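Below is one structure; the comments refer to it alone.
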Amino acid sequence: MLIRAALSIWARLLLTVKYIYMNDHFLNPANGECPTQRRAFILDVLKAAGASALMAIPGTMLASGAGKPLKKNDREGIEEALKEDLTRGAKGSDKTYTVQDILDIILKEIPGAPFHKTVDTLKSGDKDQPVTGIVTTMFATVPVIREAIRRKANFIIAHEPTFYNHLDELDWVKENNDTLQEKQALLKERQIAVWRFHDYWHAHIPDGVLYGVVKKIGWEKYFTGEGLLAVPEISLKDMVLQIKDRLKIKQVRVIGNLSQSCRRVLLMPGASGGQAQIAGALKHRPDVLIVGELNEWETAEYVRDSIALGKKIALVALGHAVSEEPGMEWLKEWLQPKIPGMSITHIPATDPFTAV
Ligand SMILES: [Zn+2]
Numbered sequence: 017m018l019i020r021a022a023l024s025i026w027a028r029l030l031l032t033v034k035y036i037y038m039n040d041h042f043l044n045p046a047n048g049e050c051p052t053q054r055r056a057f058i059l060d061v062l063k064a065a066g067a068s069a070l071m072a073i074p075g076t077m078l079a080s081g082a083g084k085p086l087k088k089n090d091r092e093g094i095e096e097a098l099k100e101d102l103t104r105g106a107k108g109s110d111k112t113y114t115v116q117d118i119l120d121i122i123l124k125e126i127p128g129a130p131f132h133k134t135v136d137t138l139k140s141g142d143k144d145q146p147v148t149g150i151v152t153t154m155f156a157t158v159p160v161i162r163e164a165i166r167r168k169a170n171f172i173i174a175h176e177p178t179f180y181n182h183l184d185e186l187d188w189v190k191e192n193n194d195t196l197q198e199k200q201a202l203l204k205e206r207q208i209a210v211w212r213f214h215d216y217w218h219a220h221i222p223d224g225v226l227y228g229v230v231k232k233i234g235w236e237k238y239f240t241g242e243g244l245l246a247v248p249e250i251s252l253k254d255m256v257l258q259i260k261d262r263l264k265i266k267q268v269r270v271i272g273n274l275s276q277s278c279r280r281v282l283l284m285p286g287a288s289g290g291q292a293q294i295a296g297a298l299k300h301r302p303d304v305l306i307v308g309e310l311n312e313w314e315t316a317e318y319v320r321d322s323i324a325l326g327k328k329i330a331l332v333a334l335g336h337a338v339s340e341e342p343g344m345e346w347l348k349e350w351l352q353p354k355i356p357g358m359s360i361t362h363i364p365a366t367d368p369f370t371a372v
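Here it is in structure tokens:
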């Protein structure tokens, strides 16, 4: 009797953990439960059951990070976003992974990888270097690199270029680029590997960036795998305020009537380019087109004329870095169960602009 009861508790425990593990693997995208809460819940359940052996199950690992306070001059956004990690203890791993090991683990999940042509290459460091910790971010900015060094993490996975042009060409500008050289020297001196995870993350199913953004806004239940979402009717103004709040964006730019109602949303984070943005708007006829970055002389003018011609459309420009950052935040959650014990931290690159 006792044995049967104990077995049933174990079975239930395992099912709970398995469900949460699967949920971390995007089998239940409609579930809006916060992963941190999920992990806290698992730990509570495990603690109550004294089931320390289950701690080794992927998906139950705690996010890790060193416990030292941040330097005063670190950006406010970084400090805010890291608060949670800093209060948690680091968990070591007996297994050593090289940069290449991590890349292999990631690429296994990407349809069609490795690609013949891609910008997702190592921008610094060596593929054979052992990884002491991983940082995910939108841009490997100098503040992000410094924070990675402070956390003793020597592998940065960034979505966008490190050296200010799409192919990370080092001589893209013919003048002596001392900013680029000093950044390169910093990475070399501290032996930091930087890998761009752009083409592959967008090729993941679902698109890793798009899903991360949808999840962060709280629109999972309207997500069908594409950028077009049908959300409950809301005014443009309220939608913009909601997005600003959820994505923690200080300022966004809008073209359109703020009291207009919105239901069809075309979400295009990042910088897809004017042609893709306008083609998307024509194909899907959204009430509102939400982009990261835009060419003002293309998409913005198209929307301005469309409105003047009596068409219902609005444009919201979030800013490039902040519009895709949730994708790199989700990457941490996605990657952690695949590399149990590895310290993975998301450090937001944050919005470089100040509105004056
Ligand atoms: Zn992108």
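Just add 16 to wherever you are in the sequence shown, counting from 1, and you've got the numbering used here.
Built from N, CA and C at the ideal position, the CB exists for glycine as well.
Note that the coordinates shown come from a computational prediction; the quantities given were computed from them, not determined experimentally.
Cβ neighbour criterion (16 or more within 10 Å) applied to residue i
i: Pro136; result: It should be pointed out that residue 136 corresponds to Asp in this sequence rather than to Pro. Classification for Asp136: buried.
i: Gln267; result: exposed
i: Lys231; result: buried
i: Asp144; result: exposed
i: Gly286; result: buried
i: Ala295; result: exposed
i: Gly308; result: buried
i: Gly225; result: It should be pointed out that residue 225 corresponds to Val in this sequence rather than to Gly. The residue is buried, with at least 16 neighbouring Cβ atoms inside 10 Å.
i: Ser80; result: Any reading at Ser80 must be qualified, since the residue scores a pLDDT of 31, below 50, and its modelled position is unreliable; no value is offered.
i: Asp194; result: exposed
i: Phe131; result: exposed
i: Val2; result: For residue 2 there is no data in the structure shown, the boundaries of the chain being 17 and 372.
i: Val147; result: buried
i: Leu252; result: buried
i: His182; result: exposed
i: Thr315; result: buried
i: Asp187; result: exposed
i: Val319; result: buried
i: Thr134; result: exposed
Distance cut-off 7 angstroms: residue i Cβ against heavy atoms of ligand 1
i: Glu340; result: yes
i: Gly224; result: no
i: His214; result: yes
i: His182; result: no
i: Gly241; result: no
i: Gly286; result: yes
i: His218; result: yes
i: His132; result: no
i: His362; result: no
i: His300; result: no
Rounded C-alpha distance that separates residue i from residue j
i: Ala297; j: Ser277; result: 17 angstroms
i: Val151; j: Ala169; result: 7 angstroms
i: Gln352; j: Gly326; result: 49 angstroms
i: Thr240; j: Lys204; result: 43 angstroms
i: Leu119; j: Phe369; result: 32 angstroms
i: Asp367; j: Val338; result: 6 angstroms
i: Leu310; j: Glu340; result: 14 angstroms
i: Glu312; j: Thr178; result: 24 angstroms
i: Lys111; j: His362; result: 22 angstroms
i: Arg162; j: Gln293; result: 35 angstroms
i: Ala129; j: Val372; result: 44 angstroms
i: Leu305; j: Glu236; result: 18 angstroms
i: Val281; j: Gly243; result: 8 angstroms
i: Gly234; j: Lys260; result: 12 angstroms
i: Leu331; j: Arg262; result: 18 angstroms
i: Leu334; j: Val229; result: 12 angstroms
i: Val160; j: Phe213; result: 16 angstroms
i: Gly343; j: Gly149; result: 19 angstroms
Cβ-Cβ separation, residue j to residue i (assumed contact under 8 angstroms), whole Å
i: Ser140; j: Gln200; result: 7 angstroms
i: Val256; j: Val247; result: Val256 to Val247, Cβ: 13 angstroms. No contact.
i: Ile265; j: Pro302; result: Not a contact, Cβ separation roughly 20 angstroms.
i: Glu221; j: Pro127; result: Reading off the sequence shown, one finds Ile at residue 221, where the question assumed Glu. That belief holds up - the Cβ atoms of Ile221 and Pro127 are roughly 6 angstroms apart, short of 8 angstroms.
i: Ile165; j: Val210; result: With 8 angstroms as the limit, Ile165 and Val210 do not qualify as a contact, their Cβ atoms being about 12 angstroms apart.
Closer than 7 angstroms: residue i CB and nearest ligand 3 heavy atom
i: Trp188; result: Ligand 3 is not among the ligands present in this structure, which contains only ligand 1.
C-beta neighbour in chain C for residue i, strict 8 angstroms
i: Asp117; result: As a matter of chain content, chain C is missing from the structure shown, which is built from one protein chain.
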